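For what it's worth, my numbering labels the leading residue of the sequence shown as 161, then goes sequentially.
All C-beta atoms in this analysis are idealised placements derived from N, C-alpha and C, irrespective of residue type, glycine included.
Fair warning: this is a prediction, and the values are worked out from it, not measured in the lab.
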Amino acid sequence: MTENIRFAATALTAHKLRSALTILGIVIGVTTVIAMVSLIEGFNNNVVKNFESFGATLVQFQKFDPQFGPGGNNDEENRTRKNLTFEDALALKEQCPSMLAVSAERYWWSGGDGGAPDVLYGSEAATPDTIVGTNADYTTANNHFVGEGRFITEGDVRRSGAVTVLGHSIAETLFPRSDPIGRVVMFSGRKYAVIGVMEKQGASMFESTDSHVYIPITTFDSHFPWIKRDRGVNIATVPRHPEWVDRIVEEGTQVLRTRRHVPFNKPNDFGIMTPDKLISNFRAITGGITLAMIFISSIALLVGGVGVMNIMLVSVTERTREIGIRKAIGAVRRDIVQQFLTEAMTLAGIGGVIGVALGLAIAALVRSMDWLPTTTPLWSIVVGLLVSISIGLFFGIYPAYKAARLDPVEALRYE
């Protein structure tokens, strides 16, 4: 084997340009596989981390089922669904003993309804991405807590208090050198007393609540009635014990089906979102993307394999006399087959090594530029190398056996 590898290296270095062009397809294919797997795996891990940051036990009841990708919820059944209401959230709180927290949440996003208004304090202005109407259970349900002051209480909700809790970046913009607690800010022509500032959450691939502004949901409905009319609430819940997730799903489903008069033989007319469900849906989509990328890469690998077969056939023709000499001094067919298979596998293996190195370099470059998170699993490197060597083995079989079948007398006469 050592001698065969040495012969292979000698043959390949004798025709450097030809060898380089031959392995180009394999290099491209393996590079694409490693780079794409690194990007998708890193993206998946980041998605899972962001989902889990909301709480591994979060169960959210909402109007529509969570869905990734095109299509949306545009069928007739979805279009006619009734909104969930604040009263639904109160019923869940009262009738579901397994729920630790029930957070009713209504949103005014910056991209809809003319855009959420700026928050003003004196000459300073900050633009929130979302104004949230919610209740006291928000922090527990969403695993996001107050850094200064306090959050909205049930008393604030009952009396529709004109109070607000600011996201971290909103507070920093309005009050860069002073304490915001107790100050009065204004948005949409109304004044609100600042009672708290949320702890800093930081960047997230979905959203950052650092630019949210929170007010009691009853105040929200009173001040922005058109949003209450056109939209429902999302109801975020968490169980009293982590292992009770299935229990609160069952309890909440029963309460909402009863309140919404859903017949026993009909499916739910509301959606249920859990981190596990979102993660599995997302992984199904990225898994399909991965398969598509691997299929595209396999075309490049196939082209590279054909190139290996072609160069090996040329090599057999060029080295006919060498083959005749080896057979004349005692080499059997197996020796000739091993020699040319080793050469083909070495050629393809070099392409695989270069492809892995380039794929890792691309992943590292993307990671260093902070474009996307990347993670290269060990299995992808092993698979890339094994596939490239296997291509050399498969496409080298025919040239090797062709060389082994040469008649030594005829081969010695070849010029």
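- For the stretch 300-364, the full-length alpha helix (DSSP H) segments reaching 4 residues or more read 314-318 and 328-334 along the chain.
- The closest CA to that of S548, considering only T534, A504 and R565, is found on A504.
- Below 8 Å, enough C-beta pairs join the stretch 279-293 and the stretch 379-397 to call them touching: three or more.
- Looking at the backbone, the Cα of K487 and that of G556 are separated by about 20 Å.
- Taking C-alpha positions only, N204 is separated from T450 by approximately 11 Å.
- Distance between P402 and I408, taken at the CA atoms: about 10 Å.
- Look at the beta carbons and you see the stretch 177-189 touching the stretch 464-476: at least three pairs across the two are nearer than 8 Å.
- Sequence-distant partners of G544 (beyond 5 residues in either direction) whose C-beta falls short of 8 Å from its own C-beta, in its chain, are V190, V193, I194, G512, G515, V516 and G519.
- In the DSSP secondary-structure assignment, N394 is bridged to E265.
- Under the three-pair Cβ rule at 8 Å, the stretch 337-345 does not count as touching the stretch 257-267.
- The C-alpha of F424 lies about 19 Å from the C-alpha of L244.
- DSSP, read as helix, strand or coil, puts P559 in helix.
- Between the C-alpha atoms of Y298 and V219 there is a straight-line separation of about 13 Å.
- Closest in alpha carbon position to G202, among F554, S540 and L546, is S540.
- Secondary-structure assignment with DSSP links M433 through a beta bridge to Q220.
- For I522, there is no enclosing beta strand (DSSP E); the residue is part of the alpha helix (DSSP H) that begins and ends at R493 to S528.
- Exposure of L538 is indicated by the presence of fewer than 16 other C-beta atoms within 10 angstroms of its C-beta.
- Counting the other CB atoms within 10 Å of its CB gives I459 a total below 16, which places it among the exposed residues.
- Between A353 and the set G490, F246, A276 and F311, the nearest pair of CA atoms involves F311.
- For the pair Y561 and I485, the Cα-to-Cα distance works out to about 17 Å.
- Ranking I200, F224 and M196 by CA distance to the CA of P427 puts F224 first.
- Under the three-state reduction of DSSP output, P533 falls in the coil class, being neither helix nor strand.
- Around S320, the same chain offers P376, T378, T379 and S382 as residues with beta carbons nearer than 7 Å, after the five sequence neighbours per side are excluded.
- The alpha-carbon separation between D429 and T240 amounts to approximately 9 Å.
- If you look at H383, you'll find it in the alpha helix (DSSP H) that goes I377 to H383.
- By the CB criterion at 8 Å, D370 and G327 fall inside the cutoff.
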